[in-house]
Amino acid sequence: MMDPVRLAQELVRIPSPPGAEKELADFLFSQLRRVGEVERGPLGTIIGRLRRGEGPTVLLTGHMDTVPEGAGWSVPPFSGEIREGFLYGRGAVDMKSAIAAQIAGAYQAAPDIQGTLYLVYVPHEETAEGLALGRVLDRIEKPDLVVLGEPTDLRLGIGHRGRVVIRLVARGKPAHASMPELGENAIERMLHALSHALRTPLPEDPLLGTGSMAPVFVSADGQGPVIPDRCVALLDRRIVLGETEESVLADYHGIGAEATIEQINLRFYTGEVVEAKLFFPAWYLAPDHPWVQRAWEALGSPPFRVWRFSTDGVESCGRRGIPTVGFGPGEERMSHQPDERVSIADIKLAALG
7 MMDPVRLAQE
17 LVRIPSPPGA
27 EKELADFLFS
37 QLRRVGEVER
47 GPLGTIIGRL
57 RRGEGPTVLL
67 TGHMDTVPEG
77 AGWSVPPFSG
87 EIREGFLYGR
97 GAVDMKSAIA
107 AQIAGAYQAA
117 PDIQGTLYLV
127 YVPHEETAEG
137 LALGRVLDRI
147 EKPDLVVLGE
157 PTDLRLGIGH
167 RGRVVIRLVA
177 RGKPAHASMP
187 ELGENAIERM
197 LHALSHALRT
207 PLPEDPLLGT
217 GSMAPVFVSA
227 DGQGPVIPDR
237 CVALLDRRIV
247 LGETEESVLA
257 DYHGIGAEAT
267 IEQINLRFYT
277 GEVVEAKLFF
287 PAWYLAPDHP
297 WVQRAWEALG
307 SPPFRVWRFS
317 TDGVESCGRR
327 GIPTVGFGPG
337 EERMSHQPDE
347 RVSIADIKLA
357 ALG
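Residue 137 in the numbering used here is what sits at position 131 of the sequence shown, and the numbering runs on without skipping anything.
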């Protein structure tokens, strides 16, 4: 017997911000040995496998990393405290309870499995969703179905908008701040560019909703009484089906700042450094797709939903076209919040699913 609630508590008690997931990875490795074969995969991923006879290949996956704990908690964020039927803690919803439910459920179902079941847990999803999962998919047999453990409130997730981080650079000419007329202020140019960017019409999608855009970072060169000659802004843009890097960047041509897709270097807990381009496509799997129907029937006909945030499905379905769905305990809106919490009853139900 493997208790999913107790396992979720143990996972929450191990802090695992992006790039520092090693302790949690080691713990998951030990737990997956109780289920079947397990190995350490690329970029510090943990890959469990259970094979029984002939049948489909299904991959259950989740991310080990969480956002930092932040402030405003009524309980210690890594206590794993249970209060009034809820498990509290950073990562309780996003998404350690789902990992616990997946492992406990696989442990219970092991004797009845026909086919191959993978349980794959990845680092650095919060910063570059799909990157580590893609490395795993490169080396294993192609799954017939990928199941994401992101919070769905026990509904069946079938897609979401994509995500792209756009880097804007406005350039000017330095001068003494007492004589601004002799320079060209890059901040003023950026304000003009952002004003245009905020007025850019965004596409609508009947399945996933309307795209969105939010400035999330602004920084200018220069200190003291100097007119800055360079200003950088980052835009978080949520995209719909069919949008590409080229089509997104075309929206920002001629606004007074150079627009590119942001690229960052990620250091994994293994010490590896990988460059990541922050463009993640939208994806959607229709309710009448055969694998959606099989999952829907197996889970007792839950309602369908699309997420507001982004997931590793950008890689499995968005880039590779592998049928992908999501199922997990917890409400999406509780992700990344102070007092993040998930229903104990829902953890137990998710393990049964």
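Note that CB positions come from ideal geometry on N, CA and C, so glycine has one too.
Predicted model only: the values in this text are computed from it and were never measured.
message: To test your reading of the DSSP string, which unbroken alpha helix (DSSP H) runs of 4 or more residues are found completely within the region 199-258?
response: 251-256
message: Given this structure, state the Cα-to-Cα distance separating A14 from G68, to the nearest angstrom.
response: In the sequence shown, residue 14 corresponds to position 8, counting from 1. In the sequence shown, residue 68 corresponds to position 62, counting from 1. Each residue's Cα considered, the two are about 13 angstroms apart.
message: Quick check on Q269: buried or exposed, where buried means 16 or more other Cβ atoms within 10 Å of its Cβ?
response: Residue mapping note: residue 269 aligns to position 263 of the sequence shown, counting from 1. With fewer than 16 Cβ atoms within 10 Å of its Cβ, Q269 is classed as exposed.
- prompt: So what does Y356 bridge to, in DSSP terms?
  reply: Here residue 356 corresponds to residue number 350 of the sequence shown, with the count starting at 1. Reading the sequence as shown, one finds Ala at residue 356 and not Tyr. Beta-bridge pairing links A356 to no other residue.
field: the region 58-73 contacting the region 165-182, beta-carbon criterion three pairs below 8 angstroms
entry: no
- prompt: If G91 sits next to A351, beta carbons under 8 angstroms apart, how far is it from one beta carbon to the other, in whole angstroms?
  reply: Sequence index remark: in the sequence shown, residue 91 carries index 85 (1-based). Sequence index remark: in the sequence shown, residue 351 carries index 345 (1-based). With a Cβ gap of about 7 angstroms, G91 and A351 count as contacting.
CA-to-CA distance, A181 to L139, given in whole angstroms: The residue labelled residue 139 in the question sits at position 133 within the sequence shown. The residue labelled residue 181 in the question sits at position 175 within the sequence shown. L139 and A181: Cα-Cα distance of roughly 48 angstroms.
field: Span separating the alpha-carbon of S341 from that of G262
entry: The residue given as residue 341 occupies position 335 in the sequence shown. The residue given as residue 262 occupies position 256 in the sequence shown. If you take the alpha carbons of S341 and G262, they lie about 36 angstroms apart.
Member of G277, D144, V41, P82 whose CA lies at the smallest distance from the CA of D118: Residue 118 sits at position 112 when you count from the first residue of the sequence shown. Per the Cα distances, V41.
message: I need the straight-line Cα distance from V126 to I105, nearest angstrom please.
response: Numbered from its first residue, the sequence shown carries residue 126 at position 120. Numbered from its first residue, the sequence shown carries residue 105 at position 99. Between V126 and I105, the C-alpha separation is close to 10 angstroms.
query: Is it right to say N191 is buried, meaning 16 or more other beta carbons lie within 10 angstroms of its own, or is it exposed?
result: Taking the sequence shown and counting its residues from 1, the one referred to as residue 191 is at position 185. With 16 or more Cβ atoms within 10 Å of its Cβ, N191 is classed as buried.
message: Taking DSSP's pairing of strands, which residues face L30 in a bridge?
response: If you number the sequence shown from 1, residue 30 lands on position 24. None, per the DSSP bridge assignment.
query: According to the Cβ coordinates, are T133 and R311 closer than 8 angstroms?
result: For the purposes of this step, residue 133 is identified with residue 127 of the sequence shown, where counting begins at 1. For the purposes of this step, residue 311 is identified with residue 305 of the sequence shown, where counting begins at 1. No, these two residues do not count as a Cβ contact at 8 angstroms.
Closest by C-alpha distance to S103, when choosing among V11, V246, I233, N271: Working through the sequence shown from its first residue, we reach residue 103 at position 97. Of the candidates V11, V246, I233, N271, the one whose C-alpha sits nearest the C-alpha of S103 is V11.
- request: With distances taken Cα to Cα, identify the nearest neighbour of K179 among V232, Q343, E147.
  value: Looking up residue 179 in the sequence shown gives position 173. Residue V232 is the option with its Cα nearest to K179.
For W297, the first and last residue of its enclosing alpha helix (DSSP H): Here residue 297 refers to the residue found at position 291 when the sequence shown is read from its first residue. Start and end: 296-304.
Whole-angstrom distance between V238 and V224, CA atom to CA atom: Within the sequence shown, the letter at position 218 stands for residue 224. Within the sequence shown, the letter at position 232 stands for residue 238. Roughly 6 angstroms between the two C-alpha positions.
- request: Look at the Cβ atom of S218, then the Cβ atom of L208, and state whether they are nearer than 8 angstroms.
  value: Locating residue 218 in the sequence shown gives position 212, counting from the first residue. Locating residue 208 in the sequence shown gives position 202, counting from the first residue. It is a contact, given that the beta carbons lie within the stated cut-off.
field: M185 versus D100, D318, D144, P234, residue with shortest Cα-Cα distance
entry: Looking up residue 185 in the sequence shown gives position 179. Considering only alpha carbons, the answer is P234.
message: Measuring only the C-alpha atoms, how far is G319 from R89?
response: Here residue 319 refers to the residue found at position 313 of the sequence shown. Here residue 89 refers to the residue found at position 83 of the sequence shown. One C-alpha to the other measures close to 32 angstroms.
task: Taking K28 as the reference, give the member of P149, Q114, T276, G332 with the closest Cα.
output: By 1-based counting over the sequence shown, the position of residue 28 is 22. The option with the nearest alpha carbon to K28 is T276.
message: Quick check: what's the CA-CA separation for E252 versus I164?
response: As a working mapping, residue 252 is identified with position 246 in the sequence shown. As a working mapping, residue 164 is identified with position 158 in the sequence shown. Using only the alpha carbons, I get a separation of about 26 angstroms.
- request: Using DSSP bridges, identify the partner residues of T72.
  value: In the sequence shown, residue 72 corresponds to position 66, counting from 1. T72 pairs with nothing; no bridge assigned.
task: Pick out whichever of A110, R46, P24 has its Cα sitting closest to the Cα of D9.
output: As a first step, residue 9 is located in the sequence shown; it is residue number 3 there, counting from the start. Looking at the Cα atoms, A110 is the closest of the given residues.
task: Could you check the C-alpha separation between L65 and V152 for me, to the nearest Å?
output: Within the sequence shown, numbered from 1, the residue matching residue 65 stands at position 59. Within the sequence shown, numbered from 1, the residue matching residue 152 stands at position 146. Approximately 5 angstroms between the Cα atoms of the pair.
query: Is it buried or exposed for V99, if we count other Cβ within 10 angstroms and need 16 for buried?
result: Mapped onto the sequence shown, residue 99 falls at position 93. Answer is buried; the Cβ neighbour count reaches 16.
message: Whole angstroms are fine: how far does the CA of P221 sit from the CA of G359?
response: Mapped onto the sequence shown, residue 359 falls at position 353. Mapped onto the sequence shown, residue 221 falls at position 215. Roughly 39 angstroms between the two C-alpha positions.
Close beta carbons around Y113, own chain, < 7 angstroms, minus the five adjacent residues each side: Translated into positions along the sequence shown, residue 113 becomes position 107. Closer than 7 angstroms at Cβ, skipping near neighbours: M8, R40, V41.
query: To the nearest angstrom, how far is it from the Cα of E281 to the Cα of V298?
result: Translated into positions along the sequence shown, residue 281 becomes position 275. Translated into positions along the sequence shown, residue 298 becomes position 292. Cα to Cα, the separation comes out at about 34 angstroms.
query: Based on Cα-Cα distance, which residue from E337, F315, G260, R339 lies nearest to E131?
result: Locating residue 131 in the sequence shown gives position 125, counting from the first residue. If we check each option's Cα against that of E131, F315 comes out closest.
query: E281 lies in the beta strand (DSSP E); which residues open and close that run?
result: On the sequence shown, position 275 is the one that residue 281 refers to. First-last of the beta strand (DSSP E) with E281: 279-283.
query: So what does DSSP say about G95, is it helix, strand or coil?
result: Against the sequence shown, residue 95 aligns to sequence position 89. Three-state result, G95: coil.
field: Opening and closing residue of the beta strand (DSSP E) in which E45 lies
entry: Here residue 45 is taken as the residue at index 39 of the sequence shown, counted from 1. Per DSSP, E45 belongs to the beta strand (DSSP E) from 43-46.
field: Own chain, CB closer than 7 angstroms to I20, minus 5 neighbours either side, in chain order
entry: Reading the sequence shown from its first residue, position 14 is the one you call residue 20. Cβ within range, chain order: E29, L30, F33.
DSSP bridge partner residues for E1 (one or two, in chain order): One cannot answer for residue 1 here, as it falls past the ends of the chain, which runs 7 to 359.
- prompt: What residues in its chain sit with their C-beta under 6 angstroms from that of S80, if we drop five residues either side in the sequence?
  reply: Stepping through the sequence shown from its first residue, residue 80 is reached at position 74. The answer, listed in chain order, is D345.
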